[in-house]
Amino acid sequence: MENRTWFKEARFGMMVHWGLYAVLGGQYQNRIARPYAEWIQSRFAIPNRVYERLASAFNPIFFDAEEWVRLAKACGMKYIVVTSKHHDGFAMYHSWVDKYNVVDATPFHRDVLGEIAEACYKHGLKLGLYYSQDLDWHELHGGGYLSEPVGCCGVSWDNSWDFPDPSKKDYSICFENKILPQVKEILTGYGDLCLIWFDVPNTLTEAQSRKLYDLVKEYQPDALINSRLGNGVYDYVSLGDNEIPESIPGDAQGDLNSCDGFKPSPYGLYETAATLNDTWGFSAYDQNWKSPEELRSIRNHLKSLGINYLLNVGPDALGRIPAPSVEILKKAFAGE
946 MENRTWFKEA RFGMMVHWGL YAVLGGQYQN RIARPYAEWI QSRFAIPNRV YERLASAFNP
1006 IFFDAEEWVR LAKACGMKYI VVTSKHHDGF AMYHSWVDKY NVVDATPFHR DVLGEIAEAC
1066 YKHGLKLGLY YSQDLDWHEL HGGGYLSEPV GCCGVSWDNS WDFPDPSKKD YSICFENKIL
1126 PQVKEILTGY GDLCLIWFDV PNTLTEAQSR KLYDLVKEYQ PDALINSRLG NGVYDYVSLG
1186 DNEIPESIPG DAQGDLNSCD GFKPSPYGLY ETAATLNDTW GFSAYDQNWK SPEELRSIRN
1246 HLKSLGINYL LNVGPDALGR IPAPSVEILK KAFAGE
């Protein structure tokens, strides 16, 4: 009950999409990825052997976890949700399961999640972690191959460019060998977590969703789980990306970018994850920023409905939250 009460009272949080895609900044071979820069590998079918080279260039020398957390706190945000692994399969923490991670594969050699966790503890913000439990383009057996590409922001949900034959794919192999052990890693390595933010449940069976849910509750019993885990296994409802409803959802149907046919939250817990511009990951080409007035209006409307507002920033490859993001957030919310 205490964790649900906290979530209801929190109202406002920061989401952070950060990964190798930040190195490209929304551009590959003179082509610009729109709207989502973090989907650039799938958008342009970049082979893993090419995309992996971005790790050698990922050296965010200006990354300062305390600076990020202080910004969130100054804007009245109560929690921060950081991508531990996005769809490209690259772990933004020191994974012992797969060396394709920020410590082992980059010249930076620092566990950024560990530093963010320490900063959150120091400054009194709660930490949640995003983990892409279905899609993993680095893996032959990553999910998404059962779904038509309608609705995705690339050529396909799965990696169909390196691994074109879906008959050779078995998501259960990826699930057992990478997904489960990595989720256990993030549950046991970064202190108390307020929530786990799963995404895009295209392929998971009900048993697999339940297995992940039970794993979270075993190691982080107070962590809430969002509805994008799939198969109706969740603690709170993640509405669609940038979804601003007129009223509390009734018998919502959901979609692939939502939570695969959810019912209303049994505890009355809802959250809208939203962007400051159009993209989630860093793009040098997306300058379609929302105004401070618009952001305040959205936040106040969601607050009136009892829906949390999880507002995203996409740091660049040097570890900087873009200056327009910082300026807009401060103008909209500083001092609250």
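Be aware that the sequence shown starts at 946, since it is given in the working numbering, and climbs by one per residue.
Just so it is clear, CB atoms sit at the ideal spot from N, CA and C, and this is done for glycine as well.
If you check the CB distance, Y1181 and Y1158 do not come in under 9 Å. For E954, the closest of V1271, K1030, I1252, H1083 by C-alpha to C-alpha distance is I1252. Fully contained in the region 1119–1144 are the following beta strand (DSSP E) runs of length 3 or more, in chain order: 1140–1142. Less than 9 Å separates the beta-carbon of D1056 from that of Y1038.
By the CB criterion at 9 Å, T1148 and Y1090 fall inside the cutoff.
Beta bridge pairing from DSSP links S1183 with E1216. Secondary structure of T1028 (DSSP, three-state): strand. Look at Y1076 here: in three-state DSSP terms it is strand. Beyond the five residues adjoining it in sequence on each side, N1222 comes within less than 6 Å, by CB distance, of D1231, N1233, W1234 in the same chain, given in chain order. Taken in chain order, the whole beta strand (DSSP E) runs of length 3 or more contained in the region 963–1033 are 1024–1030. Taken atom to atom, the span from the alpha-carbon of Y966 to that of E983 is near 5 Å. Shown here for P1267: same chain residues with a beta carbon closer than 8 Å to its own, the five before and five after excluded, namely F1227, V1258, G1259, P1260, D1261 in chain order. The DSSP-derived three-state label of V1048 is coil. Contact annotation, V968 with F1003: C-beta distance approximately 6 Å; criterion of less than 8 Å satisfied. The Cβ neighbour count for R994, taken over all protein chains shown within 10 Å, is under 16; the residue is labelled exposed. Secondary structure at V1178: coil, using DSSP grouped into helix, strand and coil.
Rounded to the nearest whole angstrom, the CA to CA distance from D1079 to I1170 is 15 Å. Taking C-beta atoms as the reference points, L1250 and L1274 fail to come closer than 9 Å.
When the alpha-carbon of H1031 is set against those of N1245, E1084, K1018, the nearest one is in E1084. Contact check between the region 1011–1019 and the region 1055–1074: three or more CB pairs, one atom from each, fall below 8 Å, which counts as touching.
In the same chain as D1115, and ignoring 5 residues on each side of it, the C-beta atoms closer than 7 Å to its own belong to H1086, in chain order.
In the DSSP annotation of this structure, the continuous segment of the alpha helix (DSSP H) that includes Y1158 starts and ends at 1151–1164. Between S1040 and E1121 the beta-carbon gap is near 16 Å, outside 8 Å, which marks them as no contact. Under the three-state reduction of DSSP, Y1038 is assigned to coil, being neither helix nor strand.
Bounds of any beta strand (DSSP E) do not take in G1099, whose DSSP letter is neither H nor E. Less than 9 Å separates the beta-carbon of G958 from that of G1073.
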